[in-house]
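First comes the structure, then the notes that go with it.
2 protein chains.
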Amino acid sequence: MAAQRGEGDGVVTSPEAPADVRERARAIPEAAVARLAVYLRVLSGMVEQGVTTISSEELAGAAGVNSAKLRKDLSYIGSYGTRGVGYDVEVLVSHIERILGLTRKHSVAVVGIGNLGHALANYGGFPSRGFPVAALFDIDPDLTGVPVGGIPVNHIDDITSVCSEREVSIGVIATPPQAAQAVCDRLVSAGVQCILNFAPVVLQVPDYVEVRKVDLAVEMQILSFHVARRADEAASDVVNGIGVDGVVIRP
Amino acid sequence: MAAQRGEGDGVVTSPEAPADVRERARAIPEAAVARLAVYLRVLSGMVEQGVTTISSEELAGAAGVNSAKLRKDLSYIGSYGTRGVGYDVEVLVSHIERILGLTRKHSVAVVGIGNLGHALANYGGFPSRGFPVAALFDIDPDLTGVPVGGIPVNHIDDITSVCSEREVSIGVIATPPQAAQAVCDRLVSAGVQCILNFAPVVLQVPDYVEVRKVDLAVEMQILSFHVARRADEAASDVVNGIGVDGVVIRP
DNA sequence: TACCGCTTGTGAACGCATGCACAAAGTTGA
DNA sequence: TCAACTTTGTGCATGCGTTCACAAGCGGTA
Ligand SMILES: NC(=O)c1ccc[n+]([C@@H]2O[C@H](COP(=O)([O-])OP(=O)(O)OC[C@H]3O[C@@H](n4cnc5c(N)ncnc54)[C@H](O)[C@@H]3O)[C@@H](O)[C@H]2O)c1
Ligand SMILES: NC(=O)c1ccc[n+]([C@@H]2O[C@H](COP(=O)([O-])OP(=O)(O)OC[C@H]3O[C@@H](n4cnc5c(N)ncnc54)[C@H](O)[C@@H]3O)[C@@H](O)[C@H]2O)c1
Chain H
1 MAAQRGEGDG VVTSPEAPAD VRERARAIPE AAVARLAVYL RVLSGMVEQG
51 VTTISSEELA GAAGVNSAKL RKDLSYIGSY GTRGVGYDVE VLVSHIERIL
101 GLTRKHSVAV VGIGNLGHAL ANYGGFPSRG FPVAALFDID PDLTGVPVGG
151 IPVNHIDDIT SVCSEREVSI GVIATPPQAA QAVCDRLVSA GVQCILNFAP
201 VVLQVPDYVE VRKVDLAVEM QILSFHVARR ADEAASDVVN GIGVDGVVIR
251 P
Chain S
252 MAAQRGEGDG VVTSPEAPAD VRERARAIPE AAVARLAVYL RVLSGMVEQG
302 VTTISSEELA GAAGVNSAKL RKDLSYIGSY GTRGVGYDVE VLVSHIERIL
352 GLTRKHSVAV VGIGNLGHAL ANYGGFPSRG FPVAALFDID PDLTGVPVGG
402 IPVNHIDDIT SVCSEREVSI GVIATPPQAA QAVCDRLVSA GVQCILNFAP
452 VVLQVPDYVE VRKVDLAVEM QILSFHVARR ADEAASDVVN GIGVDGVVIR
502 P
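Residue numbers (the numbering used here), protein chains in the order written: chain H, 1 to 251; chain S, 252 to 502.
Next up, the structure:
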């Protein structure tokens with residue numbers, strides 16, 4: 001895989017050793033990977049607007065980060081900028097895609113076709129970014145065979161055969177929390193090594209399986225924490241003789 | 252900090268000074284706040300199971316973190332454990348709720364009642380955790396007045412009056428990306444200071460507004476990165492004479 | 001060609017988060 | 001009452017991620 005990649009590709013003057021790329025990929029901090037995905041989205045927008053070149057300062061502004069961080073992030077994947085000029089947008093796009101593994105399609109299976117599962121199955125943003133939804137599963141027999149977003153729902157009991165047939169590499173769990181661990185176990189035994197979990201439970205998986213969770217209640221509670229913190233600050237500022245808008249009261 | 256902490260604190264025999272709470276809240280790292288929300292969920296489950304006491308080891312296992320980290324996280328909010336015994340589940344729940352600001356209700360407004368907006372509006376997990384969905388907005392006149400999850404949709408033009416009437420403190424953006432910034436601006440001028448954004452765009456907001464984003468495409472791409480990394484490793488291991496299952500080939 | 005101005009790429013410093021390891025503090029049982 | 005045992009709370013070291021600041025490198029210009 002690494003061997004096929006960069007060799008003789010015009011921008012890279014000398015071919016890099018495969019081991020080098022591997023080392024580099026391993027070394028990219030997870031936080032930087034998440035930002036690279038954001039940069040990629042911004043850059044894709046730029047391509048559509050016909051922008052050919054962009055400086056770190058501009059891109060950083062559009063991505064909402066500081067420019068030093070952006071350059072450091074990009075340096076993890078190599079040096080593809082031109083000093084005094086900036087980055088070629090298309091070159092950057094292709095390199096980020098390569099590092100993120102987007103040169104390959106990743107088929108997705110959604111398990112639990114309820115409120116959320118329907119929304120996910122109907123969402124156009126996944127296929128268009130290289131994540132085709134290849135299978136849907138539910139335990140409800142009434143749903144079996146019903147097409148959602150163009151794909152017929154399979155019964156959960158067929159998960160192993162269907163997943164391997166359709167080469168599913170990412171499993172999305174949108175079942176009630178009670179069912180999540182069982183579903184997860186079945187996905188793992190079906191050979192799925194990447195899981196995106198919407199159910200509010202902590203999944204137990206083998207080491208080689210990568211899990212990411214999206215927990216909306218936690219997000220809400222983090223926001224709540226900030227509201228509370230602000231309220232506390234305001235209260236104590238008033239106590240300290242400072243009004244809510246920063247004006248000193250009764251000096 | 253260490254000095255203030257323990258003062259006369261049976262379970263909470265004497266009321267703590269507001270300033271103390273404020274200082275402590277300010278100092279909690281964001282990462283710890285996110286985990287506290289997870290601990291809270293696990294603990295709530297424990298209460299339902301009738302568990303009254305839990306050790307850091309047990310709770311850490313259930314929350315998927317190591318126990319030292321858990322104890323450090325809990326130490327940010329105070330010392331409410333009993334050495335040799337563990338933590339009283341209910342006491343811990345109430346203190347985490349207090350720190351997260353969950354003693355107060357936080358009304359939520361969802362903007363953009365499409366695929367995702369419907370799922371969110373119908374989701375029972377928010378109201379039950381102290382985040383009542385108080386208002387829904389969409390630009391589509393056909394949706395105006397239609398009840399979704401029991402709440403009639405308002406037109407986006409009424410956002411300011413409805414939000415202040417219903418004391419909305421958290422705004423959820425589930426509109427197409429093109430509309431997201433405009434919607435965000437309207438929420439902010441309506442006085443909403445916390446925003447949860449599902450649209451794949453980087454929102455620009457004043458400093459005092461707290462934004463959290465949920466970006467599924469980014470999550471997918473992070474998973475994709477790990478798939479690619481694994482594939483690279485496997486490939487290079489084979490090159491290095493190690494088979495995919497760790498067996499040395501052609502030694 | 002030599003110089004100038006601009007932007008990248010990165011070494012180094014800093015700060016935050018994590019994990020270890022243990023003293024302190026409590027319980028239990030004799 | 002005391003000793004043995006359990007578990008918390010935290011000081012400290014380590015590692016990771018962020019930010020600063022500047023040398024190196026490139027294009028443009030005379
Ligand atoms: N709806 C939301 O907006 C939302 C938001 C945040 C989190 N969540 C979480 O996402 C999950 C799904 O939420 P929802 O609102 O779509 O719930 P839902 O009840 O509408 O749908 C759940 C679906 O999963 C199916 N199911 C149940 N057990 C199953 C099993 N063992 N195998 C396969 N399918 C099974 C059910 O038949 C149903 O169709 C829940 O865990 C919820 O907490 C939902
Ligand atoms: N559906 C998903 O599962 C999913 C997953 C990830 C991200 N998202 C993101 O969430 C957002 C919503 O996705 P969706 O699938 O629900 O889209 P959708 O097209 O089904 O719904 C969008 C809704 O927003 C409304 N809207 C448009 N402009 C508006 C405005 N200015 N003010 C108020 N309402 C407006 C539309 O009338 C529509 O009802 C998108 O940004 C999408 O990228 C969706």
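The beta-carbon is built from N, C-alpha and C at its ideal position, and this holds for glycine as well.
All of these numbers come straight from a predicted model, not from anything done at the bench.
8 Å Cβ shell around residue i - same chain, five flanking residues per side excluded
i               : result
V344 of chain S : L291, L294, S295, V298
E97 of chain H  : L40, T103
R235 of chain S : No answer is possible for residue 235 of chain S: it lies beyond the span of chain S, which begins at 252 and ends at 502.
N317 of chain S : A311
E281 of chain S : none
Q49 of chain H  : none
Bridge-paired residues (DSSP) for residue i
i               : result
H477 of chain S : None; H477 of chain S has no bridge partner.
K464 of chain S : S:N448
I305 of chain S : S:Y338
V434 of chain S : None; V434 of chain S has no bridge partner.
T411 of chain S : Per DSSP, none; premise fails for T411 of chain S.
A386 of chain S : S:A360
T333 of chain S : S:G337
H95 of chain H  : H95 of chain H is not bridged to any residue.
V399 of chain S : S:I402
G171 of chain H : H:A109, H:I195
Candidates the options: closest to residue i by CA position
i               : options                        : result
A228 of chain H : S:S412, S:A468, S:S420         : S:S420
V384 of chain S : H:I99, H:A217, H:V38           : H:A217
R463 of chain S : S:V336, S:A285, S:A278         : S:A285
H106 of chain H : H:V172, H:Q49, H:A68           : H:V172
D185 of chain H : H:L36, H:E167, H:V209          : H:V209
Q193 of chain H : S:L474, S:V439, S:T426, S:V465 : S:L474
G125 of chain H : H:G145, H:V111, H:A32, H:G149  : H:G149
S311 of chain S : S:E418, S:D324, S:Q300         : Here residue 311 of chain S is Ala; the residue named in the question, Ser, does not match the sequence. The residue with the shortest Cα to Cα distance from A311 of chain S is S:D324.
V85 of chain H  : H:A68, H:M220, H:E58, H:L100   : H:E58
V232 of chain H : S:E418, S:P457, S:R380, S:L351 : Checking the displayed sequence, the identity of residue 232 of chain H turns out to be Asp instead of Val. Comparing Cα-Cα distances from D232 of chain H to each of S:E418, S:P457, S:R380, S:L351, the minimum goes to S:L351.
R71 of chain H  : H:V205, H:L36, H:G50           : H:L36
P127 of chain H : H:I151, H:G145, H:V146         : H:I151
A319 of chain S : S:H346, S:Q300, S:A283, S:G301 : S:A283
M471 of chain S : H:Q221, H:R129, H:P141         : H:R129
P206 of chain H : H:Q49, H:N66, H:L187           : H:L187
7 Å Cβ shell around residue i - same chain, five flanking residues per side excluded
i               : result
L143 of chain H : I113, V153
H226 of chain H : none
G442 of chain S : C414, S415
S189 of chain H : T160
E426 of chain S : Before going on, a small fix: residue 426 of chain S reads as Thr here, not Glu. Around T426 of chain S: V362, G363, V434, A450.
A62 of chain H  : V42
V263 of chain S : Reliability fails at V263 of chain S, whose pLDDT of 26 lies under 50, so the model's placement of it is uncertain and no value is given.
P398 of chain S : none
R273 of chain S : In this predicted model, R273 of chain S has a pLDDT of only 45, less than 50, meaning its place in the structure is not dependable; the value taken from the coordinates is given anyway. The answer is none, since no qualifying residue turns up.
G145 of chain H : P152, V153
Contacting residues, own chain, Cβ-Cβ under 6 Å from residue i (five flanking each side not counted)
i               : result
I279 of chain S : Y327
F131 of chain H : H106, V108
V38 of chain H  : A63
G332 of chain S : Y338
V465 of chain S : F449
R83 of chain H  : none
E267 of chain S : Low confidence applies here, because E267 of chain S scores a pLDDT of 34, under 50, leaving its location unreliable; read the following figure in that light. Contacts found: none.
> For the segment 363-383 of chain S against the segment 106-123 of chain H, are there 3 or more C-beta pairs whose distance is under 8 Å?
Replying inline: yes
>> Would you call the segment 133-143 of chain H in contact with the segment 155-163 of chain H, where contact means no fewer than 3 C-beta pairs closer than 8 Å?
In response: yes
> Does the count of Cβ pairs from the segment 175-183 of chain H and the segment 192-205 of chain H closer than 8 Å reach three?
Replying inline: yes
> On the three-pair Cβ rule with 8 Å, is the segment 51-60 of chain H touching the segment 79-93 of chain H?
Replying inline: yes
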